[in-house]
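J.:
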Amino acid sequence: MKLLKLAALLCSCLLLLPACTPKETQADPVSAAPVSTRSPEHQSKGEAVTELIWPQEEYTALDEEGRAAYRQAVEAQLAPGEYVLLPDGSVAENPETGRYDPQVFLETFPEAVLPRQQVGDYTLEQVQVGFRVDPAAQTGDNTVRRYQTTSEALQGVTLVYRSGENHMNLCLIGLRAWPEEGAAYTFEQQAVPVAEENGRTVYSLSGTLNGSTLVQLNGTAESEETFAGAAAAF
Numbered sequence: 471m472k473l474l475k476l477a478a479l480l481c482s483c484l485l486l487l488p489a490c491t492p493k494e495t496q497a498d499p500v501s502a503a504p505v506s507t508r509s510p511e512h513q514s515k516g517e518a519v520t521e522l523i524w525p526q527e528e529y530t531a532l533d534e535e536g537r538a539a540y541r542q543a544v545e546a547q548l549a550p551g552e553y554v555l556l557p558d559g560s561v562a563e564n565p566e567t568g569r570y571d572p573q574v575f576l577e578t579f580p581e582a583v584l585p586r587q588q589v590g591d592y593t594l595e596q597v598q599v600g601f602r603v604d605p606a607a608q609t610g611d612n613t614v615r616r617y618q619t620t621s622e623a624l625q626g627v628t629l630v631y632r633s634g635e636n637h638m639n640l641c642l643i644g645l646r647a648w649p650e651e652g653a654a655y656t657f658e659q660q661a662v663p664v665a666e667e668n669g670r671t672v673y674s675l676s677g678t679l680n681g682s683t684l685v686q687l688n689g690t691a692e693s694e695e696t697f698a699g700a701a702a703a704f
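Be aware that the sequence shown starts at 471, since it is given in this note's numbering, and climbs by one per residue.
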């Protein structure tokens, strides 16, 4: 049961935090037609949302490539911070949603802590967050919503570090408290190659923060030994 829970949490990181995974290729375009878009009743008049032109295809009848194109057509119209629940329950959102410069992130979430802004040769370049959706939201209801930008609404946090042409993404899943200076990250698995990016291998390593928060460390490197050396500093 415990293994199933960990697998589910890892899946959440991969789905909600794009920095954890390589970018997907673009799918073929889909046709669009005007369809009414509703706004949640609880949103104030100051929180107006985008009026979407929805693809005219039936989402549930599309194959994987078609659904990817449908999602891209929707996401291209959404403003940062807006999202829609698609008929299969997945979230479509503006690609820039939840991406912050470290200083802007601390201004947006003043109670947050970023203790490791420099790790060896790696500098913290960006903070990416995944937000929880409105629990009252219904899938496929054509409703555009806005995320609540509060710490309580955070579902996961990814710290994106860069050193030259290499990067390291530290994903914190199920974060219950902000990591303090000297927080203990424990990685119990051997690094696994998961993709190729610009001629470099992307390696992945899983572990925990202070024994509770699930952690996933992904990064590019010329070899497994190089990645292991960089990962040791985290």
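Even glycine gets a Cβ: it sits at the ideal position worked out from N, Cα and C.
Am I right that G590 and A661 are in contact with their C-beta atoms under 8 angstroms? What's the rounded C-beta distance?
T.: Position 120 of the sequence shown, counting from 1, holds the residue named residue 590. Position 191 of the sequence shown, counting from 1, holds the residue named residue 661. With a Cβ gap of about 16 angstroms, G590 and A661 do not count as contacting.
J.: Going by C-alpha distance, which of Q587, A653 and M638 is nearest G699?
T.: Within the sequence shown, numbered from 1, the residue matching residue 699 stands at position 229. Comparing Cα-Cα distances from G699 to each of Q587, A653 and M638, the minimum goes to M638.
J.: Between which two residues does the beta strand (DSSP E) holding T656 run?
T.: Mapped onto the sequence shown, residue 656 falls at position 186. Where T656 is concerned, the enclosing beta strand (DSSP E) stretches over Y655 to F657.
J.: The beta strand (DSSP E) with T671 in it runs from where to where?
T.: Your numbering for residue 671 matches position 201 in the sequence shown. Looking at the DSSP string, the run of the beta strand (DSSP E) that includes T671 is R670 to L679.
J.: What does the alpha-carbon distance come out to for the pair L629 and N612?
T.: On the sequence shown, position 159 is the one that residue 629 refers to. On the sequence shown, position 142 is the one that residue 612 refers to. Cα-Cα distance, rounded: 32 angstroms.
J.: When the Cα atoms are used, what is the spatial distance from V505 to L684?
T.: Indexing the sequence shown from 1 puts residue 505 at position 35. Indexing the sequence shown from 1 puts residue 684 at position 214. Residue placement at V505 cannot be trusted, given a pLDDT of 47 that sits under 50; what the coordinates show is reported in the next sentence. The alpha-carbon atoms of V505 and L684 are separated by roughly 40 angstroms.
J.: Relative to the C-alpha of R632, which residue among S560, Q659, A701 and T609 is closest?
T.: Here residue 632 corresponds to residue number 162 of the sequence shown, with the count starting at 1. When only C-alpha atoms are compared, the closest one is A701.
J.: Just the C-alpha distance for V599 and V574, rounded to the nearest angstrom, thanks.
T.: Here residue 599 is taken as the residue at index 129 of the sequence shown, counted from 1. Here residue 574 is taken as the residue at index 104 of the sequence shown, counted from 1. Whole-angstrom Cα-Cα distance: 13 angstroms.
J.: Measuring only the C-alpha atoms, how far is L480 from S676?
T.: Here the question's residue 480 lines up with position 10 in the sequence shown. Here the question's residue 676 lines up with position 206 in the sequence shown. In this predicted model, L480 has a pLDDT of only 37, less than 50, meaning its place in the structure is not dependable; the value taken from the coordinates is given anyway. So the alpha carbons of these two residues sit roughly 9 angstroms apart.
J.: Out of S560, R670, S682 and G681, state which residue places its alpha-carbon closest to the alpha-carbon of A691.
T.: Taking the sequence shown and counting its residues from 1, one reaches residue 691 at position 221. Comparing Cα-Cα distances from A691 to each of S560, R670, S682 and G681, the minimum goes to R670.
J.: By the three-class DSSP mapping on this structure, what secondary structure does S621 have?
T.: Stepping through the sequence shown from its first residue, residue 621 is reached at position 151. Helix, per DSSP.
J.: Shortest alpha-carbon distance to E635 belongs to which of T530, T609, A543 and N668?
T.: In the sequence shown, residue 635 corresponds to position 165, counting from 1. For E635, the nearest C-alpha among the options comes from N668.
J.: What residue range does the beta strand (DSSP E) around Y592 cover?
T.: What you label residue 592 is simply residue 122 of the sequence shown in a count that begins at 1. Per DSSP, Y592 belongs to the beta strand (DSSP E) from Y592 to F601.
J.: Leaving out the 5 sequence neighbours to the left and right, which residues in its chain are closer than 7 angstroms to S693 when beta-carbon positions are compared?
T.: To locate residue 693, count along the sequence shown from 1; it is residue 223. Around S693: no qualifying Cβ.
J.: Measure from the alpha carbon of E650 to the alpha carbon of each residue in T530, A582, L624 and T578, then state which is nearest.
T.: Stepping through the sequence shown from its first residue, residue 650 is reached at position 180. Looking at the Cα atoms, A582 is the closest of the given residues.
J.: Considering only their Cβ atoms, is the gap separating E545 from A562 smaller than 8 angstroms?
T.: Taking the first residue of the sequence shown as 1, we reach residue 562 at position 92. Taking the first residue of the sequence shown as 1, we reach residue 545 at position 75. Yes; because the gap between Cβ atoms is below 8 angstroms, this pair is in contact.
J.: Please classify R615: is it buried, with 16 or more other beta-carbons within 10 angstroms of its beta-carbon, or exposed?
T.: Locating residue 615 in the sequence shown gives position 145, where the first residue counts as 1. By the 10 Å Cβ count, R615 comes out buried.
J.: Please classify G626: does DSSP put it in a helix, a strand, or coil?
T.: On the sequence shown, residue 626 is found 156 positions in, with the first residue counted as 1. The answer is strand: DSSP assigns G626 an E or B state.
J.: In whole angstroms, what separates the C-alpha of Q587 from that of W648?
T.: Indexing the sequence shown from 1 puts residue 587 at position 117. Indexing the sequence shown from 1 puts residue 648 at position 178. When rounded, the distance between both Cα atoms is 14 angstroms.
J.: Using the Cα positions of Q625 and V664, report the straight-line distance between them to the nearest angstrom.
T.: In the sequence shown, the residue the question calls residue 625 occupies position 155. In the sequence shown, the residue the question calls residue 664 occupies position 194. Rounded to the nearest angstrom, the two C-alpha atoms are 23 angstroms apart.
J.: What first and last residue would you give for the alpha helix (DSSP H) that runs through T520?
T.: Indexing the sequence shown from 1 puts residue 520 at position 50. Premise fails: T520 is in no alpha helix (DSSP H) and is neither H nor E.
J.: Under a Cβ-count criterion, where at least 16 other Cβ atoms within 10 Å of its own Cβ denotes burial, should T656 be classed as buried or exposed?
T.: If you number the sequence shown from 1, residue 656 lands on position 186. Label assigned to T656: exposed.
J.: Taking S443 as the reference, which of R569, L594, A607 and P580 has the closest Cα?
T.: Because the chain is modelled from 471 through 704, residue 443 falls outside the range shown and cannot be assessed.
J.: Leaving out five residues on either side along the sequence, give the residues of the same chain with a beta carbon under 6 angstroms from the beta carbon of G551.
T.: The residue you call residue 551 lines up with position 81 of the sequence shown. The residues are T567, R616 and Y617.
J.: For the alpha helix (DSSP H) that contains P572, what are its first and last residues?
T.: Along the sequence shown, read from residue 1 onward, the residue named residue 572 stands at position 102. It spans P572 to T578 - the alpha helix (DSSP H) in which P572 sits, taken as one unbroken run.
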